[in-house]
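Mapping to the working numbering: the sequence shown position 155 is 295, numbers consecutive. Glycine included, every Cβ here is placed at the ideal spot set by N, Cα and C. Everything numeric in this text was worked out from a predicted model, so none of it was measured.
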Amino acid sequence: MDTHIREVIEADLPNITDIYNWAVENTTASFDINPQTIEQRAVWFSHYKGNRFPLVVYVEDGEVAGYACLSQFRAKEGYKNTCEMSVYVHPHYQKMGIGKKLMDYVIELGREAGYHVIISCITTDNKVSIKMHEKTGFKLCGEMKEVGYKFERYLDCLFYQLFL
């Protein structure tokens, strides 16, 4: 079995879009309500070209099994050493440790890029992500009640942080 993590290329966009849209339609991991088109994801992808935010895929036997990225936490200059992490894994590859491998990989890239802290915002019902973040060393730093709305209900969000 050939597995590796590498930087995203444009040819990955259909697979990344499928993975993301599954999460949009079936989970509270994203607060997008409607699936995204490949064109919309291409615009999103264009923001990663030539900046200090990594965007990587986990490939298993030639198939994109998941992806992870660091992104801008806030637009103000004073937040430049803080980033936010996102991790998405294809449903067929979940519970195989891929999310944790992606997290470890982008955390190291964040360290190399000189970030001070990584933030993750997780809905309280996303128990798998909470456990994975805690196992990776993230610490709970706050909770916001009913800040999201999806699937006909309000959602609470937990903020986790990891100092690099």
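Between which residues of its own chain and residue i is the CB-CB distance below 6 Å, once the five residues before and five after are set aside?
| i | result |
| --- | --- |
| phenylalanine 193 | Leu210, Ser211 |
Please identify the residue among the options whose C-alpha is closest to the C-alpha of residue i.
| i | options | result |
| --- | --- | --- |
| valine 287 | Ile238, Leu195, Cys261 | Cys261 |
| leucine 280 | Lys290, Tyr289, Ser269 | Ser269 |
| aspartate 152 | Gly254, Asn166, Trp184 | Trp184 |
| threonine 177 | Thr168, Trp162, Lys267 | Trp162 |
| histidine 256 | Glu200, Cys223, Glu165, Asp296 | Cys223 |
| glutamate 115 | Ile238, His230, Ala215 | Residue 115 lies beyond the residue range present for the chain, which begins at 141 and ends at 304; the question has no answer from this structure. |
| valine 197 | Asn191, Glu283, Gly190, Tyr207 | Tyr207 |
My output table needs one value for residue i: the three-state DSSP class, helix, strand or coil.
| i | result |
| --- | --- |
| valine 246 | helix |
| alanine 182 | helix |
| alanine 169 | coil |
| histidine 232 | helix |
| aspartate 239 | It should be noted that the sequence gives glycine, not aspartate, for residue 239. Of the three classes helix, strand and coil, the one that applies to glycine 239 here is helix, per DSSP. |
| lysine 285 | strand |
| arginine 293 | strand |
| arginine 192 | coil |
Who pairs with residue i in a beta bridge, going by DSSP?
| i | result |
| --- | --- |
| glycine 202 | None, per the DSSP bridge assignment. |
| glutamate 224 | Ser211, Ile259 |
| histidine 144 | Val199 |
In chain order, what residues of the same chain lie with their CB nearer than 7 Å to the CB of residue i, ignoring the 5 residues before and after it?
| i | result |
| --- | --- |
| tyrosine 219 | Phe213 |
| isoleucine 173 | Lys290 |
| isoleucine 238 | Tyr198, Ala205, Gly206, Val229 |
| phenylalanine 278 | Ser260, Tyr300, Gln301, Leu302 |
Please return the same chain residues whose Cβ sits closer than 8 Å to the Cβ of residue i, not counting the five positions on each side in sequence.
| i | result |
| --- | --- |
| arginine 181 | Leu153, Ile156, Thr157, Tyr160 |
Since residue i and residue j are thought to touch, with beta carbons under 8 Å apart, how far apart are those beta carbons, to the nearest angstrom?
| i | j | result |
| --- | --- | --- |
| threonine 143 | glutamate 203 | Contact doesn't hold; Cβ gap of about 10 Å is too wide. |
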